[in-house]
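Protein chains in written order, with numbering that gives the first Met the number 0: chain Z, 0 to 248; chain L, 0 to 114.
Let me begin by presenting the structure, written as structure tokens, before commenting on it.
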Amino acid sequence: MASEIAVQRYRAWYAMLLRLYPRPFRERFGEGIAQTFHDLCLERRNANRGLFGFVLWIFFETSKGVIMENTTHMTQLSKTMLRSALVALGLLMVPLVASRVVEGWNWPPGAFVFTYVLFFGTAMAYALIARKMGSWAYKGGVGVALVAGFALGWSNMVHVADSENPANLVYFSVLAVGVVGAWLARLEARGLARTLFAMAALLALIAVLLPTGAPPYLNRNMTIGHGVFVALFIASGLMFRHASLAGLK
Amino acid sequence: MTKKDTAQAPLTPAVLHILLALSPGERHGYGIMKQVEADSQGKVKMGPGTLYGSVGRMMEAGLIRESDKRVDPEMDDERRIYYELTGAGRTALEAELRRYRGVVAVAEGRLAYGQ
């Protein structure tokens, strides 16, 4: 038979769980919920039935309520942030798992934090820019541009760190063109199409003019890499152009 | 959820059970739970999270309201908040029961035809 001390201890823990409810809900119903929980515990105790499993179920059931109430009281922006944070966490699992299984992959904790921030920022940017647009062409354009921009920035950062060649920093000018272009275009499809085409042209120009210093057998891979990024920027630009021609923003 | 919507739209099982539990008169949270369990012959066990989440939404929709805060003479000496049906709540319950009766009539007719 569960003792009174056990009941009091469970009630104290339950009170801590209730603190996770949104404040207005907690202030209105917290006392009643705690009281009901106490009543249920006493009923079990008086019936000489075990408490632990029951309390576990109640904690689980109430946790569901906590999540639901918090979600209900969230603003649209908070929901977007939560979704972006979860998506970023899911993506972070890739390097996290890889670092455990791939030999020589030894990222310091700071690198994981930085990567998470990059994933989160990209997901938020996509959600905020694309969420008000009904056009799939526009959403697709935003998605491809962000993924390509993220991959270019990431691979370039790794390349600069490995080669210690500051000349490679010139690739960041492509991203700078993207940021400035998007700002000048006020995120309108026509302006974004031009921006993405400009990014593709600049990247192609850099690929042709910048001496890689790489051995010949790597040049082919680099050419393919550049070609893929140029193609992605052009594809994104074409999607924005399609959205623009469709009469959307 | 507006009051008008609530009176017309089908109710969730939790809301229906709470309305049914409160139809004879006011009850506190634990009392509602026990009544729901009794009404459903032990088939529906509602936890505090579901109960008070539903109570909150039902109060917002005007289906129920707080009636009193007092000691339950059959329990300990803690004061408990009691809830009761509003007119809109009773109307919603009656509408839901009419809807159920309609569904049952159709189902029974169909099953009889099938035999």
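Ideal Cβ positions, reconstructed from N, Cα and C, are used throughout, including at glycine.
Given the structure is predicted, the values throughout are model-derived calculations rather than measurements.
| Check | Outcome |
| --- | --- |
| Chain L within 7 Å of Z:K63, Cβ atoms only | yes |
| Same chain, Cβ closer than 6 Å to Z:V54, five either side skipped, listed in chain order | Y9 |
| Assigned exposure category for Z:E102 - 16 Cβ within 10 Å defines buried | exposed |
| Interface flag, L:Y112 vs chain Z, CB-CB below 7 Å | no |
| Touching by the beta-carbon criterion (3+ pairs, under 8 Å), the stretch 64-71 of chain Z and the stretch 41-57 of chain L | yes |
| Start and end residues, alpha helix (DSSP H) containing Z:V176 | 171-183 |
| Cutoff 7 Å: Z:T79 Cβ touching any chain L Cβ | no |
| 7 Å Cβ cutoff, L:G52 in contact with chain Z | yes |
| Nearest-angstrom beta carbon gap, Z:S172 and Z:L201 [assumed within contact, 8 Å] | 7 Å |
| is_contact[L:Y82, chain Z] using C-beta, thresh 7 Å | no |
| Per DSSP, cross-strand counterpart(s) of L:R69 | L:R79 |
| Chain-ordered residues of the stretch 38-51 of chain L with a beta carbon less than 8 Å from chain Z | G46, P47, G48, T49, L50, Y51 |
| Cutoff 8 Å; reference Z:L80; Cβ partners in own chain excluding five residues on either side | It should be noted that the sequence gives Met, not Leu, for residue 80 of chain Z. Here the set comprises M123. |
| Selection from Z:V112, Z:W56, Z:P94, Z:T35 that minimises the alpha carbon distance to L:D75 | Z:T35 |
| Supposed close pair Z:S235, Z:A147 - CB separation, criterion 8 Å | 7 Å |
| Interface flag, L:G28 vs chain Z, CB-CB below 7 Å | yes |
| Through-space distance from L:K33 to Z:I4, alpha-carbon basis | 25 Å |
| Near-chain L residues of the stretch 30-49 of chain Z (beta-carbon distance less than 9 Å), N- to C-terminal order | E30, G31, I32, A33, Q34, T35, F36, H37, D38, L39, L41, E42 |
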